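To keep things clear, I will list the structure first and then write my remarks on it.
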Amino acid sequence: MADSHCSQSKEQHAGQDRFATRLIHFGNEICQHTGASSVPIMQATTFHHEDIYHPPKHDYSRSGNPTREALEQYITVLEGGTRGFAFSSGMAAISASFMLFSAGDHVIVTEDVYGGTYRLLTSILSRFQLEVTFVDMTDLEQVKAALRPNTKGVYIETPSNPTLKVTDIRAVAAWARDNGLISLLDNTFMTPYHQRPLELGVDIVIHSATKFLGGHSDVLAGLVVTKDDELGAQVKMLQNGLGTVLGVQDCWLLMRGMKTLGARMSHSEVSAKRLANWLQAREDIVKVYYPGLEDHPGRDIQESQSLGYGAVVSFDVGSGERAKQVLNHVRLPLVAVSLGAVESILSYPAMMSHAAMPASVRQERGITDGLLRFSVGLEHIEDLLADLDQALQG
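Numbering (the numbering used here), first residue to last: 4 to 397.
Next comes the structure, spelled out in structure tokens:
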């Protein structure tokens, strides 16, 4: 009982600290039994029932494991929610969240959503009669116009991937609440370091923790945080029923990565701003997408709901042929899928993250063959610019 009280007290104090402090002191960072400075890895699948009349807190690791629960409590503290859940990947977290809906339900979704989410909705969940309408969520009137009698939810991605459109979170969440809809938001790009959607009225926040939260290209993970206990109980049932839980080794790796989130995001964002302005000043770049640019149409909204602009910059070099030339000539960034790591990652959405989206749909949404997505890491920005300059010159 004393340990439980101590843990609760620490969690309460963690919620009062500033974000940079909560990243390190989240309530479960020290082992209560040994004083170890790192959460123990509980490599066990099952747990002994000492007294069959009083079952233990944990019985089977799919249903609950102390290491995973430490991570889940960690992200709950950071997002300011009531319950958190760790999944085996970002897509597992997204898939479980969509399982809150039933056959015949309708969901309104950001049109330039991540390609994996698009594939899930159009190729898999469509077979189970989940109806979806993709809209430009920067226009609230389009969101409202998509409402049907069977609409049950709104799925937001802001800034969107890869064109970095900004949705007014407060406005969409308030409209969803007024219409009895569940609002879900993919917060992968911003992380709770910059943006805390639950505080803006959203019901469920989702992360591909593989990206900025993990931050080191070495762990595949997804996280979900709910605003209230009722939704939390539903997500818990889905997590346990689907069995798509995160393994304890990966839970430990993710917690280790998350402790440096503030330092990494701060450094990368400074470099991303510099990269975006440098690209915009070039005459050989067709368009630059970054919420921190003065001419970005969503900049004012971004500043009203987020504490920063993020570390991802997308830019159009004019053609697919030139994009591939750049990809083949850069020296420093990884040319790869994913983002949010200590190393910079240059990605080609048309062939990578959005390959599952038909070419005609990509074109409609501004995901051209010349579009590249640059996730800025921790390298010196001048080295990154020099490298990209030589690649652009071919």
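Yeah, the Cβ is synthetic: ideal placement off N, Cα and C, and Gly gets one too.
Bear in mind the structure is a predicted one, so any value in this text is a computation, not a measurement.
Check                                                                                                                                                                               : Outcome
May I ask you to report which of helix, strand or coil DSSP gives leucine 223?                                                                                                      : coil
For asparagine 182, count the other beta carbons within 10 Å of its own beta carbon; 16 or more makes it buried, fewer makes it exposed. Which is it?                               : exposed
Quick check on the burial criterion: 16 or more other C-beta atoms within 10 angstroms. Buried or exposed for alanine 106?                                                          : exposed
Glutamine 305 and leucine 452 - do their beta-carbons sit closer together than 8 Å?                                                                                                 : Given that the chain is displayed from residue 4 to residue 397, the structure contains no residue 452 and the question cannot be resolved.
In terms of DSSP beta bridges, what is tyrosine 293 paired with?                                                                                                                    : None; tyrosine 293 has no bridge partner.
Which runs of the beta strand (DSSP E) spanning at least 3 residues fall entirely within the region 161-211, listed in chain order?                                                 : 185-189 and 207-211
On the CB-based measure, 16 or more other CB atoms within 10 Å of its CB, does aspartate 171 come out buried or exposed?                                                            : buried
Starting from aspartate 319, trace the beta strand (DSSP E) in both directions and tell me its first and last residue.                                                              : 315-319
Have a look at glutamate 272 and methionine 94 and give me their C-alpha separation to the nearest angstrom.                                                                        : 25 Å
Since valine 291 and leucine 395 should fall inside the 8 Å C-beta cutoff, what is the C-beta to C-beta distance between them, to a whole number of angstroms?                      : No, valine 291 and leucine 395 are not in contact; Cβ-Cβ is about 13 Å, not under 8 Å.
What's the C-alpha gap between serine 307 and leucine 257?                                                                                                                          : 29 Å
In the DSSP assignment, the alpha helix (DSSP H) including arginine 302 goes from what residue to what residue?                                                                     : 302-308
Closer than 7 Å to a non-hydrogen atom of the ligand FAD - does that hold for the CB of tyrosine 196?                                                                               : For the ligand FAD, the structure offers nothing, since it holds no ligand at all.
Taking DSSP as the reference, what is the three-state secondary structure of glutamate 32?                                                                                          : coil
Please report the Cβ distance between glycine 87 and isoleucine 78, rounded to the nearest whole angstrom; I am assuming they are in contact, meaning their Cβ atoms lie under 8 Å. : 4 Å
For aspartate 206 and lysine 239, which I take to be in contact (beta-carbon distance under 8 Å), what is that distance rounded to the nearest angstrom?                            : 15 Å between Cβ atoms; not a contact.
Restricting to Cα atoms, I'd like to know which of Val157, Thr37, Pro162 and Phe29 is closest to leucine 74.                                                                        : Phe29
Let me know the secondary structure DSSP gives phenylalanine 377 once reduced to three states.                                                                                      : strand
Just curious, the alpha helix (DSSP H) that glycine 235 is in, first and last residue?                                                                                              : 232-245
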